[in-house]
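Heads up, the thing below is written out as structure tokens.
4 protein chains.
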Amino acid sequence: MPATDTAPGPDLTRRSTFACWTRDSIRYRDLDPNFHVNNGAVNEYFEDGRVRFRAERMSHLSQTLLAGFALVKYSAHYRAQIRFPGDVDIGTVVLKVGNSSYVLGQGIFVDETCVATAEVVTVYIDHATGRSTPLPAEIRAILEASGPPAG
Amino acid sequence: MPATDTAPGPDLTRRSTFACWTRDSIRYRDLDPNFHVNNGAVNEYFEDGRVRFRAERMSHLSQTLLAGFALVKYSAHYRAQIRFPGDVDIGTVVLKVGNSSYVLGQGIFVDETCVATAEVVTVYIDHATGRSTPLPAEIRAILEASGPPAG
Amino acid sequence: MPATDTAPGPDLTRRSTFACWTRDSIRYRDLDPNFHVNNGAVNEYFEDGRVRFRAERMSHLSQTLLAGFALVKYSAHYRAQIRFPGDVDIGTVVLKVGNSSYVLGQGIFVDETCVATAEVVTVYIDHATGRSTPLPAEIRAILEASGPPAG
Amino acid sequence: MPATDTAPGPDLTRRSTFACWTRDSIRYRDLDPNFHVNNGAVNEYFEDGRVRFRAERMSHLSQTLLAGFALVKYSAHYRAQIRFPGDVDIGTVVLKVGNSSYVLGQGIFVDETCVATAEVVTVYIDHATGRSTPLPAEIRAILEASGPPAG
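Chains as they are written, first to last, in the working numbering: chain A, 31 to 181; chain B, 31 to 181; chain C, 31 to 181; chain D, 31 to 181.
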């Protein structure tokens, strides 16, 4: 996991950065009155990327372990308009693993054009206390193995 | 156009009934608290089927002609639960062409299982008067050619 | 419960027909590219009316009893355009109680104008068999007491 | 406008920071499978806050002037779970006015609890070139008058 607080992270606008992929079809309901895809729909695409990441890498873990995650920060950069109809590809990668939290990087692509990127901070919570608690070892191992492809 | 008010319409639970198809990916955001796809998401799938129908058959018509459509009735039958993740195929066909309105039939399929069907009544409106008006000849011709495949 | 299959039901376009009310604010995200409220948003308003109906009249029942409901048919009539911003009032009433199903009537109002009505059929399911089963007596009693106000 | 790149901005978790308010009702459709309000719904509440801000302060400007805005960055901090049913109050305030962009701060409140905050960067675009261009004087004057209430 090369990313640190000071070093620049990997380039989220390039497909080669991402470790896990899913695809969404754009819906008519995603359109704004100006016929562009609404940012809210873009956020749904990012959510599907995260759900796929967890299904692909963590579905064998117990519900008790998985219930600790809480998404606390979401920062999106909308880089280009998305038009209907069509599909988007959503890439997801682990950028950083902290003591009790981790950061995902995401990118949405229409063909080779990156139309949006996001960074998402998830904290691991102990539901008994309602406070953050260190990431369980099994989860930490998975996250540390889910960084950008070497290269 | 064989359908009439008294005769039973074609079977909307069979793929072979439909003349026009599109596909949507199911999103995590489509899920209800009970982990089934919400009926509201099913309605978005049907909408995408209608938008595709119009794009495929009427996109060469002028905006002035197309602006007359108003969807007035929507009847859906939810036949089976839809689960995430996955895709749905949406079929659309013209069931009946009236003087100033027409009826679309729609079906949503997960593989060979029909999970929902709908009938949708669209009226043609004269925006100068706000009242229904006979379907223009160009539109009527397209609708009459968009019934169930023969056979 | 006066409604039968042959008699006309109560007038869903009048506020006085309804036994239970809730209110939703219209969102920018509800708008279609043509700046009208999308039918999908209208369906969400109707859903909130049904959820309120159940919260108001059935929240004391056990989860086991409540888990039997399955919405199977939804018929909406869109009667007038809804504009942003603003609020809508959603009225809900029981139209008919059958052996293993019941029919709700709903109306959406902007001030005194009825902008949409719906009829919704819910079936009671025995999850052990996956088949419809007679409505439990406690639920039947509530439904039969939730028809249109006398008058 | 006190905020600068280095100084800490006003406290977005306090109601007294905000200059413009709107209210949204929470919908059943906003709920995640875990019965919490989905982040996507929270984003819709923020959007309604921004739409209200513009309606309240800029609706007298020409469409040509208004068409220049493009939302490019959106950073949300989800601070507490939101439960159905209920209402949320959304506050919006200008945090900073740059040469060709500005930053809005937003907060969502359930009673006195701040459940989410956001910072949103909007760039002013010249549609002829597709590039950012200095904010028109009329828009700049409105933004500079829309900072946190003195206090």
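Even for Gly, the Cβ is constructed at its ideal location relative to N, Cα and C.
| Item | Value |
| --- | --- |
| Start-end ranges of the alpha helix (DSSP H) lying completely within the stretch 83-150 of chain B, minimum 4 residues | 93-96 |
| Environment of T143(A) [buried if 16+ CB atoms lie within 10 Å] | exposed |
| E174(D) versus T52(B) - alpha carbon distance | 48 Å |
| Proximal residues of chain C, C-beta to C-beta of V102(B) below 7 Å | H107 and Y108 |
| Cutoff 8 Å: G70(C) Cβ touching any chain A Cβ | yes |
| C-alpha distance - P63(C) paired with Y108(A), whole-angstrom precision | 20 Å |
| Partners in chain D for E86(A), counting only beta-carbon separations shorter than 8 Å | The contacting residues do not exist; E86(A) stays about 18 Å from chain D at best. |
| Assigned exposure category for T122(B) - 16 Cβ within 10 Å defines buried | buried |
| Reduced DSSP category for L61(A) - H, G, I as helix; E, B as strand; rest coil | strand |
| 8 Å contact criterion, which E149(D) and S105(D) should meet: CB distance rounded | 5 Å |
| Member of G128(D), D141(D), V72(D) and I112(D) whose CA lies at the smallest distance from the CA of M164(D) | It should be noted that the sequence gives Pro, not Met, for residue 164(D). Nearest option by C-alpha distance: G128(D). |
| Minimum Cβ-Cβ distance from E77(C) to chain B less than 8 Å | yes |
| Rounded Cβ spacing between L42(D) and G137(D) (contact assumed at less than 8 Å) | 5 Å |
| Beta-carbon proximity of R57(C) to D119(D), cut-off 8 Å | no |
| Unbroken alpha helix (DSSP H) run spanning R53(B), endpoints | Run containing R53(B): none in the alpha helix (DSSP H); it sits in the beta strand (DSSP E), C50 to S55. |
| Supposed contact pair E168(A) and L91(A) - C-beta distance, whole angstroms, cut 8 Å | 6 Å |
| Same chain only: Cβ atoms within 7 Å of L96(B), ignoring 5 sequence neighbours per side | M88 |
| Within chain A, the residues that S55(B) reaches when beta carbons sit closer than 7 Å | R53, D54 and S55 |
| Extent of the continuous alpha helix (DSSP H) to which L173(B) belongs | A167 to E174 |
| Chain-order list of residues whose beta-carbon lies under 6 Å from that of A33(A) (same chain, five-residue window excluded) | The pLDDT assigned to A33(A) is 40, lower than 50, so where the model puts this residue is not dependable; a value taken from the coordinates is nonetheless given after this. Within the same chain, A33(A) has close Cβ partners G39, L125 and K126. |
| Interface flag, R80(C) vs chain A, CB-CB below 8 Å | no |
| Min CB distance N73(A) to chain F below 8 Å | Looking for chain F here will not work: the only protein chains present are A, B, C and D. |
| Residue environment, T94(B), which counts as buried when at least 16 other CB atoms sit within 10 Å | exposed |
| Residues that P63(D) contacts on chain B, provided the C-beta gap is smaller than 8 Å | L61, D62, P63, N64 and F65 |
| Neighbour-count burial assignment, D25(B), 16 or more Cβ in a 10 Å radius | No statement about residue 25(B) is possible, as the shown extent of chain B runs from 31 to 181 and does not include it. |
| Minimum Cβ-Cβ distance from T132(B) to chain A less than 8 Å | Checking the sequence, you will find Tyr at residue 132(B) rather than Thr. Closer than 8 Å: no. |
| Whole-angstrom distance between S130(D) and D156(D), CA atom to CA atom | 10 Å |
| Y58(B) at chain A interface by Cβ criterion, 8 Å | yes |
| Neighbourhood of F76(A) by C-beta distance below 6 Å, restricted to the same chain and skipping five residues each side | Q136 and A148 |
| Buried or exposed by the 16-neighbour rule on C-beta atoms within 10 Å, applied to F114(B) | buried |
| Under the three-state DSSP convention, the category R45(B) falls into | helix |
| Where P32(D) falls: helix, strand or coil (DSSP) | In this predicted model, P32(D) has a pLDDT of only 41, less than 50, meaning its place in the structure is not dependable enough to derive any value. |
| Identified DSSP bridge partners for T161(B) | The question names Thr, but residue 161(B) is Arg in the sequence shown. DSSP output for R161(B) lists D156(B) as bridge partner(s). |
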